[in-house]
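Structure first, then comments.
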Amino acid sequence: ANKPKVVILGAGYAGMMTTKRLTQKFGTEEVEITLVNKHNYHYQTTWLHEVAAGTIEPNRSRIMISDVIDTKRVNLVHDTVVEIKKDEQRVVLENDELEYDYLVIALGFEKATFGIPGMEENAFSIESFDKSRLICEHIEYQFSRYKNEEGNDHLLTIVVGGAGFTGIEFVGELAERVPELCKKYDIDKRNVRIINIEAAPSILPGFDEELADYARKSLEFRDVEFKLGTMIKECKADRVIVGDDEEEIKTGTIVWTGGVQANSIVGNSGFELTKGRVTVDSDLRAPGHENIFILGDCSWVMDEENGRPYPPTAQLAMQEADTCANNIAALLYGGQLEDFVFDHKGTVASLGGKHAMGTVFDDKKLYGVTAKAMKNVIDDRYLFLLGGPRLVLRKGKFRPF
Ligand code: FAD
3 ANKPKVVILG AGYAGMMTTK RLTQKFGTEE VEITLVNKHN YHYQTTWLHE
53 VAAGTIEPNR SRIMISDVID TKRVNLVHDT VVEIKKDEQR VVLENDELEY
103 DYLVIALGFE KATFGIPGME ENAFSIESFD KSRLICEHIE YQFSRYKNEE
153 GNDHLLTIVV GGAGFTGIEF VGELAERVPE LCKKYDIDKR NVRIINIEAA
203 PSILPGFDEE LADYARKSLE FRDVEFKLGT MIKECKADRV IVGDDEEEIK
253 TGTIVWTGGV QANSIVGNSG FELTKGRVTV DSDLRAPGHE NIFILGDCSW
303 VMDEENGRPY PPTAQLAMQE ADTCANNIAA LLYGGQLEDF VFDHKGTVAS
353 LGGKHAMGTV FDDKKLYGVT AKAMKNVIDD RYLFLLGGPR LVLRKGKFRP
403 F
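Add 2 to a position in the sequence shown, counting from 1, and you land on the number used in full-length UniProt numbering.
Structure representation (structure tokens):
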């Protein structure tokens with residue numbers, strides 16, 4: 003009756019994999035596992051740029067949680083976390099409250115707009131399944147308005163703020179989607195503009211230069227325009243104001259991908275943030291809290307080799323889940339807690355359609371269809387870890403392109 007209570011907040015990569023690992027590690031009689039999520043489904047955050055552009059059927063990117071998590075072993079709570087009362091070991095939900103002995107915070111990211119005027123109110127962001135689907139619907143609506151309204155060329159301009167991983171993957175998908183929309187709404191493709199605006203002088207900071215150049219050329223070849231070294235100064239409902247000369251660009255759609263931070267619940271619950279996230283100890287616990295783990299996009303994990311945190315990715319979040327589950331077991335049974343060690347398996351960015359680039363296995367560079375095939379393998383590997391071959395067959399991307 004008095005089993006220790008482990009509560010996991012958020013069913014993204016980190017939360018799902020931690021739950022899965024805990025069910026593999028413990029018997030029903032040993033611990034009570036509760037997984038809380040805003041929705042009864044898990045969505046693939048790494049596919050949301052495809053949902054937002056409309057290049058994937060949205061339902062392919064989500065999975066009912068109960069399809070992959072054993073509900074006889076785990077209490078699934080479909081509710082929204084409001085606050086973590088860490089001093090009382092309680093979590094406040096919209097409709098309930100939960101007590102915990104061990105807590106895993108895996109609530110993901112939200113957009114950071116750095117106080118750019120109007121960005122919060124006027125820009126979309128690729129932040130969740132619902133918000134991504136809205137972007138897709140909005141773009142299509144702007145295209146459908148175009149022929150019905152005079153003097154509205156700007157409806158066909160899509161501005162994407164930020165040339166990091168998400169911004170670049172998204173414009174790649176848009177480059178594929180635009181010709182389809184033009185066909186559907188009888189629009190001359192030359193009237194459409196996809197503009198990526200980035201404050202840094204080059205795209206994909208942190209990426210290998212040769213790969214970033216390849217990506218840029220591939221996207222420019224498909225008519226994506228870049229404004230690099232250009233700050234967005236202000237964002238209004240139908241325009242952005244950019245650069246030192248305050249150029250105005252009229253647009254029908256603005257999508258901000260230029261910054262993310264931990265889910266604000268973390269900061270609001272009194273955890274100390276550095277640059278928007280909690281820097282966790284090497285065993286993934288929140289400093290000063292021996293029963294709280296913070297995983298995925300809510301935290302920074304230091305790479306001891308170069309003294310900088312690892313960039314938060316799905317790959318990192320999933321590997322953290324293993325260490326977290328092992329460390330919960332160590333806390334329960336008195337073993338030694340392990341330090342997290344990241345095994346970087348490479349990074350591949352899709353650039354729309356059959357285009358992609360990236361590195362795998364000790365920095366081997368891949369381009370084009372080979373990279374795209376590898377991207378699909380990476381996506382399918384996650385599905386396999388989560389739900390075995392059955393899930394790969396249902397939701398996988400096993401075709402080369
Ligand atoms: P998430 O996967 O975002 O999950 C958070 C979960 O918490 C969600 O299910 C959400 O519904 C839930 N939640 C949020 N708030 C609440 C609340 N208040 N109450 C209850 N539940 C809540 N990484 C890679 O490694 N490779 C890639 O190719 C890659 N591509 C990307 C492409 C895009 C478009 C984006 C946006 C990101 C990409 N990333 C990629 C980064 C990767 O998606 C994130 O690092 C990863 O999703 C972090 O996992 P997480 O478990 O921390 O959060």
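C-beta: ideal position from N, C-alpha, C; glycine also.
Candidates the options: closest to residue i by CA position
i, options, result
"I137", "W258, L368, Q46", "W258"
"D190", "S204, K149, L230, A214", "K149"
"V194", "D210, V173, V280", "V173"
"W343", "M304, V371, K366, A114", "The question names Trp, but residue 343 in the sequence shown is Val. Of M304, V371, K366, A114, the residue nearest in Cα terms is M304."
"T73", "I35, N329, E292", "I35"
"Y127", "A288, G12, A239, H51", "One detail in the question is off: residue 127 reads as Ser in this sequence, not Tyr. It is H51 whose Cα lies nearest to the Cα of S127."
"G17", "N293, L109, E31, R62", "L109"
"I267", "K5, I86, N42, A55", "I86"
"A316", "D299, E307, D283, N61", "D299"
"E32", "V8, V242, T20, F295", "V8"
"R224", "N77, L353, V379, S301", "L353"
"M121", "A13, D103, G260, T21", "G260"
"A319", "P6, K5, Y15, N4", "Y15"
"E112", "Q263, E175, E248, N42", "Q263"
"M66", "F400, L388, K377", "L388"
"G254", "C237, L158, L297", "L158"
Coil, strand or helix - residue i by DSSP
i, result
"D362", "The sequence given here places Val at residue 362; Asp does not occur at that position. In this structure, V362 counts as strand in the three-state DSSP scheme."
"V343", "coil"
"L387", "helix"
"S352", "strand"
"V173", "helix"
"V280", "strand"
"L11", "strand"
"Y312", "coil"
"V268", "helix"
"K149", "coil"
"V180", "helix"
"M19", "helix"
"Y102", "coil"
"N378", "helix"
"H156", "helix"
Beta-carbon proximity of residue i to residue j, cut-off 8 Å
i, j, result
"K252", "H346", "no"
"T25", "R64", "no"
"T232", "A201", "yes"
"V70", "V38", "no"
"I234", "V244", "yes"
"I107", "L11", "yes"
"N124", "A239", "yes"
"D285", "D341", "yes"
"F131", "V53", "yes"
Nonlocal neighbours in the same chain, by C-beta distance under 6 Å from residue i, ignoring five residues either side
i, result
"P402", "With a pLDDT of 46 at P402, under the threshold of 50, the modelled position of this residue cannot be trusted; read the value that follows with caution. Excluding positions up to five away in sequence, the list reads A375."
"L395", "none"
"W49", "S63"
For residue j and residue i, believed in contact at Cβ under 8 Å, the rounded distance
i, j, result
"V371", "G360", "Not a contact, Cβ separation roughly 13 Å."
"residue 464", "I294", "There is no way to answer for residue 464, as the model of the chain reaches only from 3 to 403."
Same chain, Cβ closer than 7 Å to residue i, neighbours up to 5 away in sequence not counted
i, result
"E96", "D81, T82, V84"
"S146", "Y187"
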